[in-house]
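Here the structure is laid out as structure tokens; the discussion comes afterwards.
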Amino acid sequence: MMRRAMALVLIAGALATAWVAAGPAAAQGPIVAQFWYSFGGTNREVTEAHIKRFNESQSKYRIEGTFQGDYFEALAKIRAAAATKTAPAAFHVIGEAVPQLAASGLFENLEPYAKGPNGTDLEDFLPGQTQNTYFDYLGKPAAPLMVLPFFRSTPILYYNADMLAAKGVKVPATWDELRDAAGKLTVREGSETKVYGFEVPVDWWFWFALLHEAGGSLVTPDGKKAAFREKGTEALQFWVDLVNKDKTMKRPPGKDYNAWTVTNTDFLSGKVAMIYTSTAFLNHMTENAKFKLGTAFLPGKVKQAVPTGGTFFVIARDAPPAQKEAGWAFIKWMTEPAQTISLSKATGYMPIRTSAVNSPEMQAFYRQNPNYKTAIDQLRTAQRFPYTPALIEIQREVIQPNLEAAVLGIKTAAEVMQAAEAKANEFLAKPQ
Amino acid sequence: MVYLYPVAYSAWVSLYEWDLVMPARWVGMANYRALASGEFWDVVVNTAQYSVGVVALSQAAGLVLAVLLNDRTRLGALFQASIFSSYVVSWVAVSLLWIWLLDPQYGLVAHLLRLVGLPAVNWLGDHRLALPSLVLVTVWKTVGYPMIIYLAGLQAIPGDLYEAAALDGAGGWQRFRHITWPLLTPTTLFLLITLTITSFQGFDIVKIMTQGGPVTATVIYVYYIYEQAFQYFKLGKASAAVVLFFIAIVALTFAQWRIFRRRVHYTA
Numbered sequence: 362m363m364r365r366a367m368a369l370v371l372i373a374g375a376l377a378t379a380w381v382a383a384g385p386a387a388a389q390g391p392i393v394a395q396f397w398y399s400f401g402g403t404n405r406e407v408t409e410a411h412i413k414r415f416n417e418s419q420s421k422y423r424i425e426g427t428f429q430g431d432y433f434e435a436l437a438k439i440r441a442a443a444a445t446k447t448a449p450a451a452f453h454v455i456g457e458a459v460p461q462l463a464a465s466g467l468f469e470n471l472e473p474y475a476k477g478p479n480g481t482d483l484e485d486f487l488p489g490q491t492q493n494t495y496f497d498y499l500g501k502p503a504a505p506l507m508v509l510p511f512f513r514s515t516p517i518l519y520y521n522a523d524m525l526a527a528k529g530v531k532v533p534a535t536w537d538e539l540r541d542a543a544g545k546l547t548v549r550e551g552s553e554t555k556v557y558g559f560e561v562p563v564d565w566w567f568w569f570a571l572l573h574e575a576g577g578s579l580v581t582p583d584g585k586k587a588a589f590r591e592k593g594t595e596a597l598q599f600w601v602d603l604v605n606k607d608k609t610m611k612r613p614p615g616k617d618y619n620a621w622t623v624t625n626t627d628f629l630s631g632k633v634a635m636i637y638t639s640t641a642f643l644n645h646m647t648e649n650a651k652f653k654l655g656t657a658f659l660p661g662k663v664k665q666a667v668p669t670g671g672t673f674f675v676i677a678r679d680a681p682p683a684q685k686e687a688g689w690a691f692i693k694w695m696t697e698p699a700q701t702i703s704l705s706k707a708t709g710y711m712p713i714r715t716s717a718v719n720s721p722e723m724q725a726f727y728r729q730n731p732n733y734k735t736a737i738d739q740l741r742t743a744q745r746f747p748y749t750p751a752l753i754e755i756q757r758e759v760i761q762p763n764l765e766a767a768v769l770g771i772k773t774a775a776e777v778m779q780a781a782e783a784k785a786n787e788f789l790a791k792p793q
Numbered sequence: 060m061v062y063l064y065p066v067a068y069s070a071w072v073s074l075y076e077w078d079l080v081m082p083a084r085w086v087g088m089a090n091y092r093a094l095a096s097g098e099f100w101d102v103v104v105n106t107a108q109y110s111v112g113v114v115a116l117s118q119a120a121g122l123v124l125a126v127l128l129n130d131r132t133r134l135g136a137l138f139q140a141s142i143f144s145s146y147v148v149s150w151v152a153v154s155l156l157w158i159w160l161l162d163p164q165y166g167l168v169a170h171l172l173r174l175v176g177l178p179a180v181n182w183l184g185d186h187r188l189a190l191p192s193l194v195l196v197t198v199w200k201t202v203g204y205p206m207i208i209y210l211a212g213l214q215a216i217p218g219d220l221y222e223a224a225a226l227d228g229a230g231g232w233q234r235f236r237h238i239t240w241p242l243l244t245p246t247t248l249f250l251l252i253t254l255t256i257t258s259f260q261g262f263d264i265v266k267i268m269t270q271g272g273p274v275t276a277t278v279i280y281v282y283y284i285y286e287q288a289f290q291y292f293k294l295g296k297a298s299a300a301v302v303l304f305f306i307a308i309v310a311l312t313f314a315q316w317r318i319f320r321r322r323v324h325y326t327a
């Protein structure tokens, strides 16, 4: 009953949006197209400001932006809209969802647009930020161009430089150093921990970093089998030890982004000395930290490794051609060097064009704000995600909801990973 | 028709694999088999624990409050109104309020515990306490409803029965045991059925307070359906769960009605 009611609400919302979109377009004037986005807070304001600038920069197209909840809520709405053929012309998605949605035929092939008369310079997109450097095609031919980078991020280490200086602790570069530093930075009074040395959301994204740092990978090179059991256990065990044995890491409560918010709040209020979180929060941290803020690469184990994240622009294949044209014009404009520079400086997300990073403006900005350079330098350690429709299922159903069980002591890390590998293999074996 | 169509539609979808976007693929009973072999039984156990806790506690607390506040003074009315007010407030507001009250570091409850020298408790972050915490918050929110229904039931009991019992020398407990309780059984049955059904439909509190966590400790039935449908996009599996839910509610209501029919005293 509930499901039914929710589907109806979603469909009604999608229809209303479609009706609004079709209304003005029927009259004379600019081609109006919808853009759905998933950013709250500052990033929402930045996104809205750029939509406004795009609309003012020309008169042929008008983009109407709508906030659709976080990444995962927005995915549900996109699917509901697609089911009723009312998807917005342009939207953005997390990378992990791309293979599955592409297999569903949701995305327009962007190659004809990028190489057409109103094209863009694909060569100028920064390696590490593009579809082909985000995905490992597992020995198969590359998929056609379906996504362009929008807000792109990577996890970095944030530290309270005042606390590290007070204890004479140097910024950790390896797991052992991190563990050691967390111990030295933890402050206890009786049974109460006043300051934790370290905090990180018990989350897929950070686990993926640890998995690769330990020398593992998600799937076998041909993508047919899961391959994360041994090294994934090692990664998870690292957290289990820090939380339960050393008691120097705080496990932030809450699911998905709730835990991220707790981590950021604890760090800013001085309850924790070092955290892992996205470079996306750099502006927020810089503005709100009442201490000297430092950023660094994630500490490595057998190597240094990070995932990348954030989102990619896409165009809905089912949208009317005129709206797709408007959507493309908007995406092309948003990914131009001038816009990627202002988007990056206003948020902490990384610029996505080589010419933007090398521009005098950005170079001067990096000299003044060295914290902003960490993420872009760390890109050279970025790991690719396997291009398989099972990727989003492995993330959302197999890994993400189960990591916590080990840290809470309900299961051992090995048990969690053994069950996860079996389930991942089921998803990988499904006919695609 | 309005009620049966969604159920029939769910029954049909439950035989397919469907993610809203790709064409649905016929899989027969595979969704039901997937439910039977997976985490579904944990969800059933969670739901049963939540339901039994909510129904028993809110019914008991509602009865106690109704008996205590069964007078027509202004003070009684004030208490009744303030207790009932939380029933009227939205689930979202109540959930957010209690997230704040139960916060292990900054919350009022932790503060009160510290005042009496007890350690802070991580109510929602501990996988053994999270579900009982949700039960208590639900009871806090909904107790006004059984209270009001019981008050109505109490006021329908003729006063001369109590006078006659008092003349026969019956004490307070005996009057409750032999007059009040038997004559409230229709009310109790009604509450048992309605509270069971509403507790089965618990969703908002989970979505806002715990999102089913820690791990899966607070995934109750409707939240599970939501998760399968709108987090994992397994519409077929979610629909199979809907069908089983419908059957379970009909069966349970029928069973409650059968059992109680023999023990309900409809007239004085």
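Each protein sequence line maps, in turn, to chains A and B. If you read the first sequence in our numbering, its first letter stands for residue 362, the second for the next number, and so on. If you read the second sequence in our numbering, its first letter stands for residue 60, the second for the next number, and so on. Note that beta-carbon positions come from the ideal geometry of N, C-alpha and C, so glycine has one too. Everything numeric in this text was worked out from a predicted model, so none of it was measured.
A straight-line Cα-Cα distance of about 21 Å links residue 699 of chain A and residue 740 of chain A. Contact of residue 752 of chain A with chain B by beta-carbon distance below 7 Å is absent, the smallest such distance being about 13 Å. By the beta-carbon neighbour count (other beta carbons within 10 angstroms, threshold 16), residue 782 of chain A is buried. Non-local C-beta neighbours of residue 775 of chain A in its own chain, meaning closer than 7 Å and more than five positions away in sequence, comprise 594, ordered along the chain.
Every alpha helix (DSSP H) of 4 residues or more that sits fully in the stretch 225–300 of chain B is shown, in chain order, as 231–234, 244–259, 263–268 and 280–285.
Using a Cβ distance threshold of 7 Å, residue 642 of chain A and residue 521 of chain A do not count as a contacting pair. Taken in chain order, the unbroken stretches of alpha helix (DSSP H) that lie wholly in the stretch 714–778 of chain A and span 4 residues or more are 715–719, 721–729, 734–739, 751–754 and 764–768. Within the model, the alpha-carbon separation for residue 238 of chain B versus residue 221 of chain B is close to 8 Å. With 16 or more other Cβ atoms from the protein chains shown falling within 10 Å of its own Cβ, residue 489 of chain A counts as buried. Interface with chain B (7 Å Cβ-Cβ cutoff): residue 765 of chain A is included. Going by DSSP, residue 451 of chain A is part of the beta strand (DSSP E) stretching over 451–455.
Taken through DSSP and simplified to helix, strand or coil, residue 609 of chain A comes out as coil. Straight through space, the alpha carbons of residue 197 of chain B and residue 184 of chain B are spaced by roughly 17 Å. In this structure, residue 255 of chain B and residue 114 of chain B form a Cβ contact; the two beta carbons are roughly 5 Å apart against a cut-off of 8 Å. Per DSSP, the unbroken beta strand (DSSP E) holding residue 513 of chain A starts and ends at 509–514. Within the stretch 426–439 of chain A, those residues whose Cβ lies closer than 7 Å to any Cβ of chain B are, in chain order, 433 and 437.
As DSSP reads the structure, residue 142 of chain B sits in no beta bridge. Relative to residue 753 of chain A, the option among A:581, A:433 and A:532 whose CA is nearest is A:433. Note on residue 211 of chain B: under 16 other CB atoms within 10 angstroms of its CB, so exposed under the neighbour-count rule. The beta carbon of residue 184 of chain B falls within 7 Å of a beta carbon belonging to chain A, placing the residue at that interface. In the three-state reduction of the DSSP assignment, residue 569 of chain A falls in the helix class, which pools H, G and I. Taking 7 Å as the cut-off, the Cβ atoms of residue 513 of chain A and residue 692 of chain A do not count as close. Counted as a single uninterrupted DSSP element, the alpha helix (DSSP H) harbouring residue 461 of chain A occupies residues 459–464. Pairing residue 687 of chain A with residue 495 of chain A gives a Cβ-Cβ distance that is not under 7 Å.
For the pair residue 170 of chain B and residue 482 of chain A, the Cα-to-Cα distance works out to about 59 Å. Listed in chain order, the positions of the stretch 70–83 of chain B with a beta carbon within less than 8 Å of a beta carbon of chain A are 78, 79, 80 and 81. Rounded to whole angstroms, residue 314 of chain B and residue 505 of chain A show a C-alpha spacing of 58 Å. If you look at residue 671 of chain A, you'll find it isn't in any alpha helix (DSSP H); it sits in the beta strand (DSSP E) that goes 670–676. Taking one beta carbon from each stretch, the stretch 675–683 of chain A and the stretch 451–467 of chain A have 3 or more pairs nearer than 8 Å; the two touch. Following the DSSP letters along the chain, one finds residue 68 of chain B inside the alpha helix (DSSP H) bounded by residues 63–72. In terms of Cβ geometry, residue 746 of chain A and residue 511 of chain A do not form a close pair [threshold 7 Å]. Linking residue 660 of chain A to residue 610 of chain A through their CA atoms gives a straight-line distance of about 15 Å.
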